[in-house]
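Trainee: Numbering (my numbering), first residue to last: 6 to 479.
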Amino acid sequence: MRVWSAERMWVRGRFERDWAMMVDDQGIIQASGPRKQLVARARHVNHYPQSVILPAFVNPHHQGFHQLFKGIAAQTNQLDDYMGQLVYPFSQMIDEDLMEAIYRTAYAEQLKSGISNVGEFHYLHHGGFEKKGESLAEKAIRIALEMGIKITLVYALFDQGNSEETKAFIEPLDESIRQFVRLQETYKNHTHVRIVPGVHSLAHTSAEAIIAASDLARKYHKPLHIQLATHPRDLEEAQVQYGTTPLRAIEKMGLLKNGLVVVHANYLEREELKMLKDCAAGLITCPTSSQAKGEQLPDYGHIYKLDIPITFGSEMASMNLNFAPCHEFQAMEYELRRSMGRMNIMAQRTPNQLFEYVSSVPQAMLGGSEGQLMPGSPADFICVSLEGPDYRPHWDFNGPTFQNLLMMGWRNGLVTQTVVHGEEVYSSPAFKSAKLDRAYRKLDDWSAAFNRSLEHQTQDKAGQEITQEAAGNA
């Protein structure tokens, strides 16, 4: 048995002083209580003074391969250019070594942000190479396990689109179903892996595939994740294909029911939001990513009024660059304040449950029930330092003020330890994985080659302009 303790530990909506948890060799919490009562029964004791222990965060919507475009995505003029000039062509160049580097780096960033479980929205079905043995989905899972992070792989069906442009992603429906079933059977009893069906979009997933994804969700008792109403063109796509709005298209298919999880919902009408509420669907919103892409934010004021179950995804490293669920919470809170004209909105509704928005709520939307530091639950938690200026003055630990201060004052670098299933996989600044240096070098080589390519293009363009100018002067 191992005891983990800190100056304060989050238990049932309170920061208990000098509290501890006892964790068995399988990574399950066996007891929690005052530290003095538990240390005598432990073989090992990990104590973190001037720190708080919190449930680890859960990121329910992540697209790991976008790590490749971090820093250059915003250099494109608009979202269509980002997809057409970067994502579509360069995803076809992701070979086995580059994929290892991308996902290993992406999952390191998740762990550093205090995330113990990542919902990997997977639609990179081919990349730049033919399947030989391990599929790309299996690679993503293997890399996550090697990094020590839990993964819920949302296998997103993507069966239609321009075959040349989207060949890194497009996969026939029968193959997608076969792959999903195989993954489900392979990992059905794994403590760190969960497989969930997903729908990429109305544009790239046929009605037949959407219904098939729903059938898989029902058969295996899983939620169904659908990216919906993300961009204005999604409204046009729904009108052209189904003669109605995005959520009503889903309703036409008979899929508007409990277990549905809508991702984004930036352009859903208020009546559609009411439909979400009535069917007890969940909502994952990615506000900083949407803001970075210049998209409209969801109607948070109406979502708040209807009390729709909501959580937050840190979606793309290429766009929002932060990767912490608390930053997403902050973005929604600030938009609520702007639209409603008052302060401290979410904290007033759920003063002792703010952390659930980034822990147990997203866990439920991934099909799990974890997220509380209670006996019988996995020991998935983070340590946050109270030293330094970040959270001073401390105020009352067990009043709403300090919880609100933690959430709204969150910044990168506050997590000192991330523990997943009782294993310390990140202890600032070190990761458990020993393969990160190789991943970093691979990404550095890729970015250097990309820069050289840009330089050659610039030189070629300059040469063409000089030639044209000379011809004009002749």
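We put the CB at the ideal spot given by N, CA and C, even for glycine.
Below 8 Å, can you find three or more Cβ-Cβ pairs linking the region 207-225 to the region 245-264?
Mentor: Short answer: they touch.
Trainee: Report yes if the CB atom of Gly119 is closer than 8 Å to the CB atom of Gln358, and no otherwise.
Mentor: Their beta carbons are not under 8 Å apart, which means Gly119 does not touch Gln358 by this criterion.
Trainee: Once DSSP output is grouped into helix, strand and coil, what is the label at Tyr272?
Mentor: Tyr272: coil per DSSP, three-state reduction.
Trainee: Per DSSP, what kind of secondary structure is Ile99 in: helix, strand or coil?
Mentor: Three-state DSSP puts Ile99 in coil, outside helix and strand.
Trainee: Can we say the region 383-403 touches the region 49-68, given the rule of at least three CB pairs closer than 8 Å?
Mentor: A contact exists between the region 383-403 and the region 49-68.
Trainee: Can you tell me which of Asp100, Ser37, Trp15 and Glu151 puts its alpha carbon nearest to the alpha carbon of Leu129?
Mentor: It is Asp100 whose Cα lies nearest to the Cα of Leu129.
Trainee: How is His332 classed by DSSP in three states: helix, strand or coil?
Mentor: If DSSP states are grouped into helix, strand and coil, His332 belongs with the helices.
Trainee: Span of the alpha helix (DSSP H) holding His307?
Mentor: Taken as a continuous stretch (DSSP letters only), the alpha helix (DSSP H) holding His307 covers Tyr305 to Leu311.
Trainee: What ranges does the beta strand (DSSP E) occupy inside the region 124-203, keeping only unbroken runs of at least 3 residues that lie completely in it?
Mentor: You should have 155-162.
Trainee: Please report the residue range of the beta strand (DSSP E) in which Ile289 lies.
Mentor: Unbroken beta strand (DSSP E) run through Ile289: Gly287 to Thr290.
Trainee: Report the residue from Leu411, Asp164 and Gly381 whose alpha carbon sits nearest the alpha carbon of Pro394.
Mentor: With distances taken between Cα atoms, Pro394 lies closest to Leu411.
Trainee: Thinking C-beta only, is Ser295 closer than 8 Å to Asn271?
Mentor: In contact: Asn271 and Ser295 (Cβ atoms closer than 8 Å).
Trainee: Who does Trp9 pair with in a DSSP beta bridge?
Mentor: Bridge partners of Trp9: Met26 and Asn51.
Trainee: Go through its chain and collect everything with a Cβ distance to Ala475's Cβ below 6 Å, but skip five positions before and after it.
Mentor: The predicted model places Ala475 with a pLDDT of 47, which falls under 50 and marks its position as unreliable; any figure quoted below should be read in that light. Closer than 6 Å at the Cβ level, and outside the excluded window around Ala475, lies no residue.
Trainee: Given a threshold of 16 other Cβ atoms within 10 Å of its Cβ, counted over all protein chains shown, does Asn64 qualify as buried or as exposed?
Mentor: Per the 10 Å Cβ criterion, buried.
Trainee: Look at the Cβ atom of Leu141, then the Cβ atom of Thr423, and state whether they are nearer than 8 Å.
Mentor: Result no, Cβ atoms of Leu141 and Thr423 do not sit closer than 8 Å.
Trainee: For Pro367, does the three-state DSSP call read helix, strand or coil?
Mentor: Helix, per DSSP.
Trainee: Specify, as a first and last residue, the run of the alpha helix (DSSP H) that Glu409 falls within.
Mentor: Here residue 409 turns out to be Asn, not Glu, going by the sequence shown. Looking at the DSSP string, the run of the alpha helix (DSSP H) that includes Asn409 is Pro405 to Met413.
Trainee: Assuming Trp9 contacts Met26 under a Cβ cut-off of 8 Å, what Cβ separation, rounded to an integer in Å, is found between them?
Mentor: Contact flag correct, Cβ pair sits at about 6 Å.
Trainee: State the DSSP-derived secondary structure class of Ala439, mapped to helix, strand or coil.
Mentor: Residue state, collapsed to three classes: coil.
Trainee: Specify the secondary structure class of His426 as computed by DSSP and reduced to three states.
Mentor: Coil.
Trainee: Below 8 Å on the Cβ atoms is my guess for Gln368 versus Gly376; work out the distance and round it to an integer in Å.
Mentor: Right, the Cβ-Cβ distance comes to about 4 Å (below 8 Å), so this counts as a contact.
Trainee: Determine the direct distance from the alpha carbon of Thr81 to that of Thr472, and round the result to whole angstroms.
Mentor: Any reading at Thr472 needs caution, since the residue's pLDDT is 49, under 50, leaving its predicted position unreliable; the model's value is listed next. Distance between the alpha carbons of Thr472 and Thr81: 27 Å.
Trainee: Is there contact between the region 259-274 and the region 210-225, where contact requires at least three CB pairs shorter than 8 Å?
Mentor: Short answer: they touch.
Trainee: Can Ile148 and Val123 be called in contact, C-beta distance under 8 Å?
Mentor: No, these two residues do not count as a Cβ contact at 8 Å.
Trainee: Taking the beta carbon of Pro177 as the centre, do at least 16 other beta carbons fall within 10 Å, making it buried, or is it exposed?
Mentor: Label assigned to Pro177: exposed.
Trainee: To the nearest angstrom, how far is the alpha carbon of Lys447 from that of Lys440?
Mentor: Looking at the two C-alpha atoms, the distance is approximately 11 Å.
Trainee: Tell me whether the region 332-350 and the region 275-285 touch, counting them as touching only if at least three CB pairs, one residue from each stretch, are closer than 8 Å.
Mentor: The answer is no - the region 275-285 does not touch the region 332-350, with fewer than three Cβ pairs under 8 Å.
Trainee: List the residues that DSSP assigns as beta-bridge partners of Asn64.
Mentor: Val123.
Trainee: Helix or strand or just coil, what does DSSP make of Thr316?
Mentor: Strand at Thr316.
Trainee: Need the endpoints of the alpha helix (DSSP H) that Ile215 sits in, please.
Mentor: First-last of the alpha helix (DSSP H) with Ile215: Ala212 to Lys224.
Trainee: In angstroms with no decimal places, state the Cα-to-Cα distance between His131 and Gly373.
Mentor: For His131 and Gly373, the distance between alpha carbons rounds to 29 Å.
Trainee: Are there 16 or more other CB atoms within 10 angstroms of the CB of Leu229, so buried, or fewer, so exposed?
Mentor: It counts as buried.
Trainee: Can you have a look at Leu459 and say buried or exposed, based on whether 16 or more other CB atoms are within 10 angstroms of its CB?
Mentor: Burial call: exposed.
Trainee: Can you tell me whether Pro202 is buried or exposed, with buried defined as 16 or more other CB within 10 angstroms of its CB?
Mentor: So Pro202 counts as buried.
Trainee: Could you give the DSSP three-state label for Tyr396: helix, strand or coil?
Mentor: The answer is coil: DSSP assigns Tyr396 none of H, G, I, E or B.
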